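Peer 1: The opening position of the sequence shown corresponds to residue -4 in my numbering, with each subsequent residue numbered one higher.
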Amino acid sequence: MKLKLGIDTGGSYTDTVLVDWDSGQVVSKAKARTTKENLTIGIEEAIDKLGIQDRDTITLVCLSTTLATNAIVEGKGATVGLITIDEPKEHSYPAASHFHVKGKIDVKGCEVFPLDCEGAAAALERMQGKIDALAVSGYASVRNPAYELKVKGLSDAILGVPVVCAHELTKVLGYYERTVTAVLNAKLIPIIKELIAATKVVLAKKGIRATLVIIKGDGNCMTCSFAEERPIETVLSGPAASALGGILLSGCKDMIVADMGGTTLDVVPILDQSIPMDECGAAVGGWRIRIKAMRTRSFGLGGDSYLRMNHAGDLEFGPTRVVPLCAAAEKYKNLINEVERLYLPADYHIIKRQESDCIALFKRKNLERAHLTAEEKQLVELLADGAHSLLYLAEKLGKDIDGIEIESLLQREIVYLISFTPTDLLHATGEYVQYDQRISHLALAKLAARKKMTPADFAAYAEAGFVEKICISFIECLLVEKGVEEEKLSRELIRLVFNHLDATCRLFDFNCLFHAPIVGIGAPAGTWLKKAADQLGCKVIIPENSEVANAIGTVSGNIRERLEALIRFDCHSKNYIVHLPDQRRIFETLDEAVCFAERELILCGKKFGEKMGVNKYTSQLSKEQILSQSCGNSEGTFVELRLRLDISANAKYIRH
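(1) Suppose you measure from the CA of R28 to the CA of E40; what does that come to, to the nearest Å?
(2) Compute the beta-carbon to beta-carbon distance between Y301 and T174, rounded to the nearest angstrom, for a pair I have assumed lies under 8 Å.
(3) DSSP has M670 in a bridge; who is on the other side?
(4) Would the beta-carbon of A438 fall within 9 Å of that of L320?
(5) Going by C-alpha to C-alpha distance, which of C590, F633 and S541 sits closest to D565?
(6) I need the boundaries of the alpha helix (DSSP H) containing V146, first residue and last residue.
(7) Have a look at L266 and K606 and give me their C-alpha separation to the nearest angstrom.
(8) Taking the DSSP output, what are the residues bridged to D254?
(9) Measure the Cβ-Cβ separation of C57 and V609 and say whether it is below 9 Å.
(10) Quick one: using the 10 Å Cβ neighbour count with 16 as the cut-off for buried, is E390 buried or exposed?
(11) For N570, which of helix, strand or coil comes out of DSSP?
(12) How about the segment 268 to 275 and the segment 68 to 80: do they share at least three Cβ pairs that are nearer than 8 Å?
(13) Suppose you measure from the CA of H366 to the CA of V22; what does that come to, to the nearest Å?
(14) Quick check: what's the CA-CA separation for S293 versus K287?
(15) Which residues does DSSP list as the beta-bridge partners of S59?
(16) Please work out which residues of its chain come closer than 6 Å, Cβ to Cβ, to C626, disregarding the five sequence neighbours upstream and downstream, and give them in chain order.
(17) Return the Cβ separation of K611 and A644 in integer angstroms, given the expectation that the two are a contact with Cβ distance under 8 Å.
(18) Helix, strand or coil: how does DSSP classify G76 here?
(19) What three-state label does DSSP hand T64 in the structure shown?
(20) Going by DSSP, which residues form a beta bridge with S23?
(21) Cα separation between A451 and Y387?
(22) With distance defined between alpha-carbon atoms, name the residue in A527, I516 and C533 nearest to F509.
(23) Enumerate in chain order the residues of its own chain whose CB-to-CB distance from K166 is below 7 Å, with the five nearest sequence positions on each side excluded.
(24) For the structure I just gave you, are there three or more beta carbon pairs, one from the segment 272 to 279 and one from the segment 426 to 438, closer than 8 Å?
(25) Measuring only the C-alpha atoms, how far is Q620 from L473?
(26) Hey, out of T60, N305 and R303, whose CA is closest to T194's CA?
(27) Note down the Cα distance separating V159 from K97, rounded to an integer number of angstroms.
(28) Can you give the beta carbon distance from V252 to V514, rounded, assuming they're within the 8 Å contact cut?
(29) Report, in whole angstroms, the separation of the C-beta atoms of C507 and L531, which I expect to be a contact under 8 Å.
(30) Just how far apart, CA to CA, sit Q615 and D641?
(31) Flag this pair as touching only if the segment 187 to 203 and the segment 310 to 318 have three or more C-beta atom pairs under 8 Å; answer yes or no.
(32) Quick one, are the C-beta atoms of I354 and L374 less than 9 Å apart?
(33) How is F294 classed by DSSP in three states: helix, strand or coil?
(34) Taking the alpha-carbon positions, what's the A443 to V318 distance?
(35) Looking only at its own chain, which residues have a Cβ that is under 8 Å from the Cβ of S232, when we skip the five neighbours before and after it?
(36) Tell me the DSSP secondary structure of V535 in three-state form.
Okay, structure coming up:
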């Protein structure tokens, strides 16, 4: 029997499955907590639980993850610098440092103004020692990447950090989105490298010598080396795997796959069992990313969402993920006593944090290079013996609980936050119990007192609020699917229209009719999605093995890629310009241009196959010509010609 090993590393859990190559049947499945402070621990535990009898029967290992998606949603990742060249107008980017450099290339790929190399070098020197990676984005670089490559060369000499050029990631015009994509790709490099390294360490330790591939956001595979260069491709990797798993497990033709993990709720409307692709790129965490990815919507709502009360006394959920108190108390027994003895005067109102907030050290290595403040060093020392509540730390530091600055430590993932979550809420009510309930009961009582409610009333209030957020997310997703523009959506209007609990008007009500069931995926789905479905009045299916559906979906991916070349006619020079993924050439005749483009595109396809490590693949070349009766050029009506090379390969042909 030949087996495939599927691994899905999420923000909260790592799922594993063994699947028979021929029958597609699940042979074994397992689940373990994701240990972000050392990913190898959780991955190894999840693999050990499978009870593998013969490691040599495993011929392929497929990995999917939500770590990249979660990092974007939570605003985490490497510290990235950005250099923009000839930026049309100022924008906001997810970069720590941003410098603009002069130099212009037009949409035809022609150099209009030279690159200011001195200005670029000065900008790079100002970022020295302050960034982990650099993103470079030039206007019209998809037509001619020369200026981006020059800045990359300067950076290699001055900074010596990983450099991401925007033209390497997408060939689509759209300067702002292309720049965002480059910055986010740079931010994700250490996250995905760490995941791949951890997985390889565990596989080697277990003697599993099979090929390792990663699932992309479009549901297809890529090699580890490709993923390390382009980690942005793993954005929506987890949701893509869950959509594939939902299709396989439910057997439905049409469905709404809802994957609820610890950090996010990912919703994918599916028709005819086909995964929808977003032609405009993926939308994650408020950013539009120019990569080929499944059309989905990710919401910061999960079992481990940070449940907190704002200064106005209203409950908020997510998008930040925290470790549930009940799970943390299994490891740090002192937290129960610290939360139990928590006392604050009735007239004291915490502004920044919650009464039950605790923190623990995330990573203990290389702290001497973290440039900690004096107070941060004290906090790290206090946390050396384990997790503590913020109140305990405030007492030790002699400060007010709101006066402790932990944002920088959280952002740099030196510490992680432990607090009350929807998982704690279920533990407190007894609906779902995996860990010790005591600390969840204590934290619930503290929050209820702040709201001047009984614990039971507060639990019902919090549950209704969280379920409402899930329902609004479904409605929002389906309205976008029907063509409503995102910027025209009003969550408040959706909330008012579909809130069946609002009794202020008895004259009319609105109902939403679902023509397809919700297919629930993920550990929290069985509880929270059933509650949401009841309120929405729709059918929900929680299929067998749904808790590891992501891992099941990983093993069904294959390799598919499209390479493109563009030939355009220049009315001024009367020449034909060929734009390829890695170069730009000029020819006098169309036949010369086409011949060159075809030859180079096929060579690019071979290079891609070699990079993906496939022994056998199929390729198909197609052409799309655009004509215009008003263009007075030497060929009469020619405007442009697009050549596409579609490559596909079965994952079993990937070389180890």
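Note that beta-carbon positions come from the ideal geometry of N, C-alpha and C, so glycine has one too.
All of these numbers come straight from a predicted model, not from anything done at the bench.
Peer 2: Reading off the structure:
(1) 9 Å
(2) That belief does not hold up - the Cβ atoms of Y301 and T174 are roughly 30 Å apart, past 8 Å.
(3) Any question about residue 670 goes unanswered here, given that the chain covers just -4 to 651.
(4) yes
(5) F633
(6) A141 to I153
(7) 33 Å
(8) D261 and I516
(9) no
(10) exposed
(11) strand
(12) no
(13) 49 Å
(14) 16 Å
(15) D3
(16) With a pLDDT of 48 at C626, under the threshold of 50, the modelled position of that residue is not reliable, and the figure given next carries that caveat. Excluding sequence neighbours, C626 sits near V634.
(17) 6 Å
(18) strand
(19) helix
(20) L13
(21) 27 Å
(22) C533
(23) V137, E559 and P576
(24) no
(25) 35 Å
(26) T60
(27) 19 Å
(28) 5 Å
(29) 6 Å
(30) 5 Å
(31) no
(32) yes
(33) strand
(34) 20 Å
(35) S59, T60, T61, A63, T64, I209, I210, K211 and G212
(36) strand
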